[in-house]
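Notes follow the structure.
Below is the structure:
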C-alpha cells in the first residue's frame, strides 16, 4: 500500500504522496517536461513510450512544455521523433512559440504587433510564424522579445533598452540564467533580461517556466481546467512552480535534475504533490483501474 511520505526520515518508496488528495485524483490532462523526464540526451527513458501510448489509448490529452526559446513546436517535435518519441507539433509548446502567442493574444487592434527581437534568427522566425511583425527600428517597436542570442551586440542591447524606455512591453522567453553547451555554460535569456531590467528599471513578463504562461497556453489548447491536470517534471525550480502557479497538480520524477531528498525538503511553490522514482511508477498510478 502506498502511503504519504512522513518527511526526510521516511523509508524510500517508488511513489510518495506529499499531497494526500493525489491518491484518488483522476487526471484528465497532462503536461510534460522532456529532458530528464521522457529522455536524457538521445536516450528515451524507461516508461516514456508506455506513458505516451497509454495517454493516447485513453484519450487523455497531453502537451510537452519546453523552455526552448529558439525552436518552433514542429522543429522540437521533429527532434523528439528522431530519438523515437511519437510526438506531433501540435503536442508541443515551446517558449519561442508561446512568446509569439502571448504577444498576439494581448495586442489590441487588427494590425500585427511590432516586435523588436533580441534573440537570434530562429527566434525571429518563430515570431513571424506566430503572427508578429518583426522590426529592427526601436522607435516602432511595441514589444521587445528577449531570447537566447549567442551573437548579441552591445548596440542591439542598447536599442532594446531604448525601446523599452519609450514604452515597448518587455517580454522574455524564459528566465534561464545559463544554457549548457559543449564548451561550458553560456548566458541565457534570463541573464539578458536581468541586464535590461537593471538598465531600464522596467520589469518583464516571463513566458517560460517557472512562470505559468506556457502551462496556461497548454491547458487552453487541450480545453481542460487545471484542477484535474497534472504536470510531470524533474526540476523543483521551474517545473513545479510553473504548474502550481497555473493551478495544476505536480509530480516530480527523480530521473533528472532533482532527487527525492530535495523534493521532500522543498517548500512553498517548489514543493511537488507527488514524488516518483521514474515514469513506470507514474504510469502504474496514472493508469490504475
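Residue numbers (the numbering used here): 2 to 290. Built from N, CA and C at the ideal position, the CB exists for glycine as well.
Report the residue from the options whose alpha carbon sits nearest the alpha carbon of residue i.
i, options, result
"residue 145", "118, 167 and 31", "118"
"residue 55", "30, 168 and 78", "30"
"residue 71", "209, 50, 203 and 162", "209"
"residue 133", "150, 100 and 34", "100"
"residue 272", "280, 98 and 262", "262"
"residue 122", "237, 257, 137 and 110", "137"
"residue 219", "20, 96 and 60", "96"
"residue 52", "90, 33, 69 and 68", "33"
"residue 290", "35, 59 and 47", "59"
"residue 28", "35, 282 and 63", "63"
"residue 203", "235, 168, 57 and 185", "168"
Give me the Cα-Cα distance between residue i and residue j, rounded to the nearest whole angstrom.
i, j, result
"residue 223", "residue 65", "12 Å"
"residue 2", "residue 16", "Any answer about residue 2 is weak, because its pLDDT of 29 lies below 50 and its placement is not dependable; what the coordinates show is given next. Each residue's Cα considered, the two are about 10 Å apart."
"residue 275", "residue 287", "12 Å"
"residue 233", "residue 140", "42 Å"
"residue 247", "residue 211", "10 Å"
"residue 108", "residue 135", "14 Å"
"residue 216", "residue 198", "25 Å"
"residue 102", "residue 150", "20 Å"
"residue 259", "residue 131", "33 Å"
"residue 5", "residue 69", "Only weak support exists for where residue 5 lies, its pLDDT of 35 falling under 50; the value from the coordinates is given anyway. Each residue's Cα considered, the two are about 34 Å apart."
"residue 278", "residue 37", "12 Å"
"residue 114", "residue 214", "19 Å"
"residue 128", "residue 231", "29 Å"
"residue 153", "residue 147", "11 Å"
"residue 250", "residue 226", "11 Å"
"residue 11", "residue 159", "Reliability of the predicted coordinates at residue 11 is poor, the pLDDT of 45 falling under 50, and no value is obtained from them."
"residue 155", "residue 239", "29 Å"
"residue 47", "residue 284", "11 Å"
"residue 125", "residue 229", "36 Å"
"residue 282", "residue 24", "13 Å"
"residue 116", "residue 142", "5 Å"
"residue 255", "residue 193", "30 Å"
"residue 257", "residue 106", "33 Å"
"residue 18", "residue 235", "16 Å"
"residue 110", "residue 98", "20 Å"
"residue 221", "residue 104", "16 Å"
"residue 26", "residue 35", "23 Å"
"residue 79", "residue 22", "37 Å"
"residue 7", "residue 61", "Note that residue 7 scores 35 on pLDDT, short of 50, meaning its location in the model is unreliable; the coordinates nonetheless yield the value given after this. Roughly 31 Å separates the two Cα atoms."
If I measure Cβ to Cβ from residue i and keep anything under 6 Å in the same chain, skipping five residues before and after, which residues do I get?
i, result
"residue 270", "242 and 245"
"residue 207", "173 and 176"
"residue 81", "88"
"residue 264", "253, 273 and 276"
"residue 170", "144"
"residue 267", "237"
"residue 75", "90"
"residue 9", "Summary for residue 9: the model assigns pLDDT 39, below 50, so the residue's position carries little reliability; its value from the coordinates is reported in the next sentence. Only 265 meet the Cβ criterion."
"residue 205", "171, 173 and 194"
Keeping to the same chain, check which residues put their C-beta closer than 7 Å to that of residue i; ignore five residues upstream and five downstream.
i, result
"residue 157", "119"
"residue 49", "39, 40, 86 and 280"
"residue 201", "162, 165 and 166"
"residue 20", "274"
"residue 77", "67, 69, 93 and 95"
"residue 73", "95, 97, 98, 127 and 130"
"residue 184", "none"
Starting from the C-beta of residue i, find all residues in its chain whose C-beta is less than 8 Å away, skip the five residues before and the five after it, and write them out in chain order.
i, result
"residue 196", "158"
Taking Cβ positions only, does residue i come closer than 9 Å to chain D?
i, result
"residue 31", "Structure shown: chain D not included; a single protein chain is present."
Query raised in the report: Would you call the segment 173-180 and the segment 188-203 in contact, with 3 or more CB pairs under 8 Å?
Result: yes
Query raised in the report: On the three-pair Cβ rule with 8 Å, is the segment 40-59 touching the segment 84-100?
Result: yes
Report task. Could I get the ranges of all uninterrupted beta strand (DSSP E) runs contained in the segment 16-99, with 3 residues as the minimum, in chain order? Result -> 16-18, 30-33, 63-67 and 93-95
Report task. Taking only runs that begin and end inside the segment 137-179, name each unbroken alpha helix (DSSP H) of 4 or more residues, in chain order. Result -> 155-166
Query - Contiguous alpha helix (DSSP H) assignments of at least 4 residues, all confined to the segment 218-263 - result: 240-246
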